[in-house]
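J.: Sharing a structure with you now.
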Amino acid sequence: MSARPHADRRPNLFARLSLRQRFYVIAILLLLPAVGLRVFTAFYPFLQTAYLSFHRYNPAFDHGGPVFVGLGNFQRMSADPVVQASISFTLVFVLGATFFQLALGLAVAHLLNAAFRLRFLSRALVLIPWAIPMAVAALGFRWMFDDQFGMIPDLLRSLAGVEMRWLIDPNNAKLAVTSVAVWKSTPFVALVLLAGLQGIGRDLYEAARVDGANAWTSLFYITIPMLLPILITTGMFMIVWQLAVFDLPFLMTGGGPGYSTTVIAQKIYLESNSLNYGYAASISMALVGIVAVVGVVGLYLFRRFDVSM
Amino acid sequence: MKKVTHTQTVARGMTRRMFLKGTAGSIAAALAANVPNNFLTQGMFAPNLIRQNNTVVFAIQEFAQEAIQSVLPQFEADTGLTVQFEGGPVSGNDMLTRYSPAFASGTSPVDMFSDADDSSPTFMRAGWVMPLDEIIPQETWDDFPPSMQDHIRGFLSIDDVPYRIPHEFAVGYFFNRQDWLSERGLSVPTTWEEMVEVGKEVTDAENGVWATTDGLIKPALLYVYVAYLTAQAGGKVFEFDEGTAEALQFLYDMIHTHKIFPEEALNQDYTAQNNLYMGDKVWFMRQWPFFQGVAEDNEDWYAPEKMVISLPPAGPAGSKSWIGGWGFSVPTYAPNPDGARELIRYLTSKEVAPELAKQQGFLLTPRYSILEALADSGDELIAAMGMYADNDVFAPRAFHPRVAEAQTVVDDMASLFLTNQASLSEVLEQGKQLIAALDQ
């Protein structure tokens, strides 16, 4: 076997690249899987949704493919009572639930931060609601709020003499659904705030006490200002997270009575389940708009209070 | 401007512009590459790429699988095919949720499935299920009585071409506590007026005993009852006409005026409804045929006189109850269409259908062959089916091309009215507008 002359050997494509070019090729190849994942699971669906929101498309009826309708879907949304009611309830639900999650979470975090026996066990037990799957909690509370079989109306009746119809009264149903969301997620907020509380030095409180501060003034002048970055971050997270809530109200009330507890995500589900992809996409874009507004407010607050990102 | 050397660029990392250019170029190159056609048209995990063609995957609710399994040995011996079961969804909404994404992308996870009234029209119109006129022989179609022929033409076909063949005959039966009524010297109510009259006499709300109830939780269950009353009122529920108004008002009055129907039913499902009845809290109620089996399984409680089926109380249009039910379909993109055709022909044949009906109420229809085979069985549902047929009780199920959406509108409007969030005239007006919007 004769050896080929050294001069005939041609370097492969990669070997012909300069060091700098090789650096970029390797970098791009390594990044490609992650970028591809984001492109195909986030950017492409988003662009497709945006495209569909300007079209009427239901594969059962529009056999020719999507039909361009401009802002027609958005015009329809503005006159759709279910969409209006769902946006209204979603905002009330999200803001109400987040407020109480933060307030109660702060209170629970304080309790868990105190020194007492069985503190570690208490910290674990408090987390139980958060660990229960949302579907299980929703179905469980549907039974617990049931006016015939439920223990909550029964307890209120026998202990406090309160006669309330929960899931068949529009306002009480809203209250019940929001309460369950608060019950479910408060432990998570408490855990995050507990971490923040542990970062506040005891000397600050001691100095304040020397200056005559009581518990309330310490809370408002030390704890809350010191926790503000965490409170804002957690609050923004809970708002954005809960804007897309679906399972809790759907399984607990089916969106009723009427459509008083219908959330935006349920309306999107109903429309896409009926194959109204165009209309469902336009409602999704409205939800994106709401999330964007929340995001802008969040960014402003982050900058205002120097939250590091 | 300070010049950045190569070494500095490498040390600082890639610029954003370079990164974006490189990434975009790489993605374009990947897309332009020769991706196998199968992956593009059928998906990377398309079942037809990985499944042997001698298997037929059949999706039906799990409680019906045992009955079907019993007739399969003959089929498998004759054809050499193997039937593999999958648990099917339990409602039309679930059907749409589970299968639409696959069908829309030109694939199917199953070869044959049991489909519901509220999902089937959508699948048919989207072209996602096969026409059955040339798959099912004419003698099988002729085996269905005229009352079912109308249902097949309206709900299971487009332009008289059937896409689904019924295997279930769902009708709301009127169950009553004959034991209690006899004890009190009362008769089963035969009209709406009598229902109110008897209802007032027997309701004991303080002890949680009600004349009647139903499972009315959204989605879909409230629609079922409103459509039932609307059929008795002679109305067309999707038109929000006079009959619908009468039905809604009657239901409202039973709940709020006469207080013979618990308001709590608006947030209860069929499990709660059945538990109330079997907990001795309800005198009479409408319920689907499956309740017969549920009650019989409750051996500590069951007695025939607690479960007597009578004609539904007559409204202005008479004693009516709408019919519907599940049926078999074959997806257009079934991985094994030939096997599915063989299986659907076999299970619906005049020889096999009666065998299935003997074992499972979900596979029972009033086909001539089935009625003949079960004539002397003493089965309560067969007897009730005959009684309802003799008295012309069966009413066609209200049809709308977008039936699932139209039902949601009825659900919403009825719920608004029954929970005092809107007046009757408001919900009728809004209901008409929302139904009209569906037609646009």
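Which chain is which? The protein sequence lines are A and B, in order.
If you read the first sequence in this note's numbering, its first letter stands for residue 787, the second for the next number, and so on.
If you read the second sequence in this note's numbering, its first letter stands for residue 384, the second for the next number, and so on.
Ideal Cβ positions, reconstructed from N, Cα and C, are used throughout, including at glycine.
1. Can you check which of these residues, Phe860(A), Thr972(A) and Val996(A), is closest to Thr1020(A) by C-alpha distance?
2. Could you work out which residue in Asn681(B), Ala588(B) and Asp526(B) is closest to Glu734(B) when comparing CA atoms only?
3. Helix, strand or coil: which one does DSSP assign to Ser760(B)?
4. Using the beta-carbon of each residue, which ones in chain A are nearer than 7 Å to Leu799(B)?
5. So if DSSP puts Pro1035(A) in a beta bridge, which residue, or which two residues, is it bridged to?
6. Starting from the beta carbon of Asp932(A), find every residue of chain B whose beta carbon is closer than 9 Å, and list them in chain order.
7. Secondary structure at Met513(B), three-state DSSP: helix, strand or coil?
8. Taking only runs that begin and end inside the region 1049–1087 of chain A, name each unbroken beta strand (DSSP E) of 3 or more residues, in chain order.
9. Between the region 906–922 of chain A and the region 993–1003 of chain A, do at least 3 Cβ pairs fall closer than 8 Å?
10. Applying the 10 Å Cβ sphere with the 16-neighbour rule, what's the burial state of Val544(B)?
11. Taking only beta-carbon positions, decide if Ser483(B) is within less than 8 Å of chain A.
12. Near Glu725(B), which residues of its chain fall below 8 Å by C-beta distance, leaving aside the five closest residues on each side in sequence?
13. Could you list the residues in the region 688–708 of chain B with a C-beta less than 9 Å from some C-beta on chain A, going in chain order?
14. Which of the three DSSP states, helix, strand or coil, is assigned to Gln448(B)?
15. Can you tell me where the alpha helix (DSSP H) with Glu788(B) in it begins and where it stops?
16. Using the C-alpha atoms, what's the distance from Pro915(A) back to Ser502(B)?
17. If the cut-off is 7 Å on Cβ atoms, which residues from the region 799–812 of chain A count as contacting chain B, listed in chain order?
18. Would you call Ala819(B) buried or exposed, if buried means 16 or more other Cβ atoms sit within 10 Å of its Cβ?
19. Just tell me which of Leu805(A), Tyr810(A) and Phe800(A) has its CA closest to the CA of Arg400(B).
20. For Lys703(B), count the other beta carbons within 10 Å of its own beta carbon; 16 or more makes it buried, fewer makes it exposed. Which is it?
21. Asn476(B) versus chain A: which residues are under 7 Å apart at the beta carbon?
22. Output needed in chain order: residues of the region 619–644 of chain B with a Cβ under 9 Å from some Cβ in chain A.
23. From the beta carbon of Arg824(A), is the nearest beta carbon of chain B less than 8 Å away?
24. At the 8 Å Cβ level, is Met401(B) part of the contact set with chain A, yes or no?
25. Would you identify the three-state DSSP class for Ala1030(A), choosing helix, strand or coil?
26. Just checking, does the region 959–976 of chain A make contact with the region 880–890 of chain A on the three C-beta pairs under 8 Å criterion?
27. To the nearest whole angstrom, what separates the beta carbons of Arg785(B) and Trp705(B), a pair I think is in contact under 8 Å?
28. What number of angstroms, rounded off, separates the C-alpha of Ala923(A) from the C-alpha of Pro528(B)?
29. Arg1089(A) CB to nearest chain B CB: under 8 Å?
30. In the structure shown, what three-state DSSP assignment does Ile600(B) receive?
31. In this structure, how does DSSP classify Gln670(B) when only helix, strand and coil are distinguished?
32. Quick one: grab the DSSP three-state call for Met495(B).
33. So, is Met507(B) buried or exposed, given that buried needs 16 or more other C-beta atoms within 10 angstroms?
34. How far does the beta strand (DSSP E) with Ala588(B) in it reach, from first residue to last?
35. Rounded to the nearest angstrom, what separates Val387(B) and Leu803(A) at their Cα positions?
36. Val821(A) to Ile1016(A), Cα distance in whole Å?
T.: Looking at the atomic coordinates:
1. Thr972(A)
2. Asp526(B)
3. coil
4. Gly1044
5. The partner list for Pro1035(A) (beta bridge, DSSP) is empty, contrary to what the question assumes.
6. Glu647, Asn650, Gln651 and Ala655
7. coil
8. none
9. no
10. exposed
11. yes
12. Val439, Phe458, Thr462 and Leu464
13. none
14. helix
15. Val786 to Leu801
16. 36 Å
17. Arg806, Phe809 and Tyr810
18. exposed
19. Tyr810(A)
20. buried
21. Asn1059
22. none
23. no
24. yes
25. coil
26. yes
27. Wrong, their Cβ atoms sit about 18 Å apart, outside the cutoff.
28. 47 Å
29. no
30. coil
31. strand
32. strand
33. buried
34. Premise fails: Ala588(B) is in no beta strand (DSSP E) and is neither H nor E.
35. Here the model assigns Val387(B) a pLDDT of 45, short of 50, so the residue's position is not dependable, and the following value carries that caveat. For Val387(B) and Leu803(A), the distance between alpha carbons rounds to 21 Å.
36. 30 Å
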